[in-house]
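*Asks:* I have a structure I would like to understand better, so I am pasting it below and will then ask my questions one at a time.
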Amino acid sequence: GGLRPQRLLDVGAGSGFFSRHLLGRGAQSALCVDIGYERDRDESEAGKPVLYRRDCDQTDCDLVLMMDVLEHVDDDAGLVRHYAGKVPSGAHFLATVPAFRFLWSGHDVFLEHKRRYTLAEIEQTMRAAGLEVVKGAYYFGLVFPLAAAVRLATRGDVQPRSSLRKHGALTNGLLAAVCAAELPLLPLNRLAGLSAFVLAKKP
Numbered sequence: 002g003g004l005r006p007q008r009l010l011d012v013g014a015g016s017g018f019f020s021r022h023l024l025g026r027g028a029q030s031a032l033c034v035d036i037g038y039e040r041d042r043d044e045s046e047a048g049k050p051v052l053y054r055r056d057c058d059q060t061d062c063d064l065v066l067m068m069d070v071l072e073h074v075d076d077d078a079g080l081v082r083h084y085a086g087k088v089p090s091g092a093h094f095l096a097t098v099p100a101f102r103f104l105w106s107g108h109d110v111f112l113e114h115k116r117r118y119t120l121a122e123i124e125q126t127m128r129a130a131g132l133e134v135v136k137g138a139y140y141f142g143l144v145f146p147l148a149a150a151v152r153l154a155t156r157g158d159v160q161p162r163s164s165l166r167k168h169g170a171l172t173n174g175l176l177a178a179v180c181a182a183e184l185p186l187l188p189l190n191r192l193a194g195l196s197a198f199v200l201a202k203k204p
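Numbering of the sequence shown is given in my numbering, commencing with residue 2 and proceeding in unit increments.
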């Protein structure tokens with residue numbers, strides 16, 4: 002079944018967008034960690050605590066979010082392992098990453114990505130960090146053929162530029178599914194998509 006996360010650890014959280022989304026769906030607290038914060042601060046969302054920190058010590062959080070984070074670091078498995086050491090046994094990790102190296106574009110350069118992943122690669126990253134993979138899939142699969150055609154047609158163009166878009170309904174739906182016991186109902190597309198997600202667990 003799905004999860005009922007209560008205490009969130011949001012790594013590379015930025016504005017805390019994803020944590021705030023889940024706090025509106027049953028989670029009770031969020032610890033947002035990002036080295037980009039100028040200072041530590043405490044806020045709230047729907048009356049629930051949201052702590053913004055540049056680092057964290059041991060925590061009892063039961064869901065670790067790594068949403069579009071791992072592609073930015075040199076040692077992705079090392080980062081997962083680092084935070085796995087801070088949470089209790091049984092805690093889950095939800096990570097999303099951009100998919101497929103051949104989709105590399107100026108947008109990746111603009112965002113300072115180190116890599117894109119196949120589903121097998123992101124699952125192996127989690128295993129290398131000592132976690133057990135629960136489920137993984139590609140998403141944004143319906144627009145994959147069009148996006149792939151556009152990327153391949155402009156393959157020589159890797160000038161840094163942004164193609165930023167608001168977080169789509171599918172991303173929000175993925176988060177909602179984690180909280181609403183609906184994850185088994187998500188269509189498990191293991192063929193292709195613009196992004197990949199993996200749900201893993203600390204043994």
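Every residue, glycine too, gets a C-beta built ideally from N, C-alpha and C.
Check each candidate in Gly27, Ser106 and Leu95 and name the one with the smallest Cα separation from valine 135.
*Replies:* Nearest option by C-alpha distance: Leu95.
*Asks:* Between which two residues does the beta strand (DSSP E) carrying glycine 137 extend?
*Replies:* Unbroken beta strand (DSSP E) run through glycine 137: 133–140.
*Asks:* Could you compute how far the alpha carbon of glycine 107 sits from the alpha carbon of phenylalanine 101?
*Replies:* The straight-line gap from Cα to Cα measures roughly 14 angstroms.
*Asks:* Under a Cβ-count criterion, where at least 16 other Cβ atoms within 10 Å of its own Cβ denotes burial, should serine 163 be classed as buried or exposed?
*Replies:* The pLDDT assigned to serine 163 is 42, lower than 50, so where the model puts this residue is not dependable; a value taken from the coordinates is nonetheless given after this. By the 10 Å Cβ count, serine 163 comes out exposed.
*Asks:* Mind checking whether glutamate 72 and arginine 128 have CB atoms under 8 angstroms apart?
*Replies:* Contact flag unset, no.
*Asks:* For tyrosine 38, does the three-state DSSP call read helix, strand or coil?
*Replies:* In this structure, tyrosine 38 counts as coil in the three-state DSSP scheme.
*Asks:* For alanine 78 versus glycine 137, is the C-beta distance shorter than 8 angstroms?
*Replies:* Contact: no.
*Asks:* If contacts are defined as beta-carbon pairs under 8 angstroms, then leucine 32 and cysteine 62 qualify, I think. What distance do you get, rounded to the angstrom?
*Replies:* At roughly 6 angstroms, the Cβ-Cβ gap stays under 8 angstroms, so leucine 32 and cysteine 62 are in contact.
*Asks:* Just how far apart, CA to CA, sit arginine 40 and cysteine 57?
*Replies:* In a straight line, the C-alpha of arginine 40 is about 13 angstroms away from that of cysteine 57.
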